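Numbering (my numbering), first residue to last: -1 to 159.
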């Protein structure tokens, strides 16, 4: 029984290493990519303020309408919000064609409740194509080996149970 538990814990640990996902509040993108910065709130709000590194204005949602007034120039023609989602409490923002200057801390401030959600965006230069292909193939091969190992381990676990 103890062996089964150890194997299951090992499987869970290894599957976490194979999966490459953004964490809940941290996002990593390459220059030129897009990213959706989530901001979900249980109750419908009328005023939501998005800020970058505290002072740069990304966008505002005022009385359930998108406001780009006084938007910082680094965000002009790069942001999108989803007005059809506002009634559901979704005030997420899509940032398109990110540049290195977009890296940093983002805050979604829910005005009436004084609540805020803090997110962090990391932006890296895209690797050169030759290096990228090599990196992807070696990463792909490594992932395939890990997956084959996990499947074999799962089969063994099921056999032992």
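Cβ coordinates follow ideal geometry from the N, Cα and C atoms, glycine included. All of these numbers come straight from a predicted model, not from anything done at the bench.
The beta carbon of residue 23 lies closer than 7 Å to those of 116, 117 and 118 in the same chain, with the five residues before and after it left out. Around the CB of residue 72, fewer than 16 other CB atoms lie within 10 Å, so the residue is classed as exposed. Put simply, of 45, 50, 105 and 107 the residue whose alpha carbon is nearest the alpha carbon of residue 64 is 45.
At a Cβ-Cβ threshold of 9 Å, residue 48 and residue 89 count as neighbours.
Shown here, residue 118 sits in a strand according to DSSP, grouped into three states. Using a 10 angstroms sphere on the CB of residue 25, the tally of other CB atoms reaches 16 or more, which defines it as buried. Leaving aside the five residues that flank residue 51 on each side, the residues in its chain whose CB is nearer than 6 Å to its CB run, in chain order, 102 and 103.
For residue 90, the secondary structure class from DSSP, reduced to helix, strand or coil, is coil. One thing to note: residue 91 has its Cβ within 9 Å of the Cβ of residue 78. When the beta-carbon positions are compared, residue 87 and residue 41 come within less than 9 Å of each other. Taking C-beta atoms under 8 Å as the contact rule, residue 70 and residue 94 fail to qualify, at a distance of about 15 Å. Rounded to whole angstroms, residue 122 and residue 43 show a C-alpha spacing of 34 Å. Spanning the alpha carbons of residue 68 and residue 100 requires a straight line of approximately 17 Å. Within the same chain, 90 come within 7 Å of residue 36 by CB-CB distance, once the 5 residues on both sides are set aside.
Its Cα nearest to that of residue 53, the residue 105 stands out among 105, 114 and 127. With a contact defined as Cβ atoms closer than 8 Å, residue 30 and residue 127 miss out at about 13 Å.
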